[in-house]
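Structure first, commentary second.
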Amino acid sequence: MTKIKGVFRSLFKFRVTRNLFIVIIVGIALVITCTILDIYAPESIWDNYVNLISILTALSSGVIALLLPFIIKSVEENKTLEKRMSIRKKCYNAIDEICNFCIKCIDPNTNLPKANIQGIDRLGVISQVEILTIHRKEAIEMDIILSSGWKESKGTNINIYVFIGKELQVLLKQHEYGSVMYTELKYNNKIVLKKEEITPVLEMLKNKISEI
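Structure follows, in structure tokens:
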């Protein structure tokens, strides 16, 4: 039932769909009226009404034939739009999680990033970077630039730079066979200590989800 409601809600976003729905309702009303007149109205009134119905039916058929291609096109465009918005939401969530991870890695004693980050959180960040890599084209549309993707490289450093707009930069450095990660989150070239400091950038990204 929920899926059916969702389909109807999507369809009625478009004016052509609403117009077609009105035409269908009018057609149903005419059929009901026609049935009532057939039963109760005198023959002369019935003949006049039949002629009117014939004209309206022809007009309705023409309107439906004209609107149908536009409706199909609108539905397809809406599906594409929703898919792109879904991808952009994934990109936003990826950046949000990466930023949370970077802030979590700040040493409270020095207010500087600390290394030796291991475990599930680190793997989660890697998966978020992979999401940005897969959807690189849509990420660029959101003003997210990824320097490169993760690579398997034993014993060497792998640096990943993520730029969000002109103000926010993320550095993710993975080394020592992938068991250690160093992170750095900067806003206007200053290390970010609290998430509130980057709220404007995150709000900008959130707004870009629907700016298609």
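Each position in the sequence shown, counted from 1, maps to that position plus 79 in our numbering.
Backbone N, C-alpha and C fix where the C-beta goes; we use that ideal spot for every residue, glycine too.
Within this structure, are the beta carbons of residue i and residue j separated by less than 9 Å?
i	j	result
residue 280	residue 181	no
residue 50	residue 243	Outside the modelled stretch of the chain, which goes from 80 to 291, sits residue 50, for which no answer is possible.
residue 251	residue 270	no
residue 214	residue 169	yes
residue 160	residue 277	no
Quick check on the burial criterion: 16 or more other C-beta atoms within 10 angstroms. Buried or exposed for residue i?
i	result
residue 111	exposed
residue 187	exposed
residue 137	exposed
residue 282	exposed
residue 151	exposed
residue 191	exposed
residue 262	buried
residue 219	exposed
residue 173	buried
residue 105	exposed
residue 134	exposed
residue 211	buried
residue 147	exposed
residue 264	buried
residue 207	buried
On the premise that residue j lies in contact with residue i, defined as a C-beta separation below 8 Å, what is that separation, rounded to the nearest angstrom?
i	j	result
residue 177	residue 204	6 Å
residue 266	residue 284	About 13 Å separates the two Cβ atoms, so there is no contact after all.
Once the 5 residues before and after residue i are set aside, which same chain residues still bring their CB inside 7 Å of it?
i	result
residue 167	217, 221, 287 and 288
residue 193	184 and 186
Are any of the Cβ atoms in chain B nearer than 9 Å to that of residue i?
i	result
residue 215	You won't find chain B in this structure, because it holds only one protein chain.
Only counting the same chain, and skipping five residues up and downstream in sequence, which positions put a Cβ closer than 6 Å to that of residue i?
i	result
residue 38	Nothing about residue 38 can be read from this structure; the chain reaches only from 80 to 291.
residue 241	225 and 249
residue 231	Note that residue 231 scores 49 on pLDDT, short of 50, meaning its location in the model is unreliable; the coordinates nonetheless yield the value given after this. Taken in chain order, the list of residues that qualify is empty.
residue 268	none
Residues in the same chain with beta-carbon distance under 8 Å from residue i, minus the five sequence neighbours each way, listed in chain order, please.
i	result
residue 273	182
Q | Segments of 3+ residues assigned as beta strand (DSSP E) that fall wholly inside the region 142-229 | A | Given a length threshold of 3 residues, each whole run of the beta strand (DSSP E) inside the region 142-229 is given here in chain order: 223-225.
Q.
Restricting to runs no shorter than 3 residues, where is the beta strand (DSSP E) found entirely within the region 246-280?
A. Those beta strand (DSSP E) runs which fall completely within the region 246-280 and span 3+ residues are 247-254 and 259-266.
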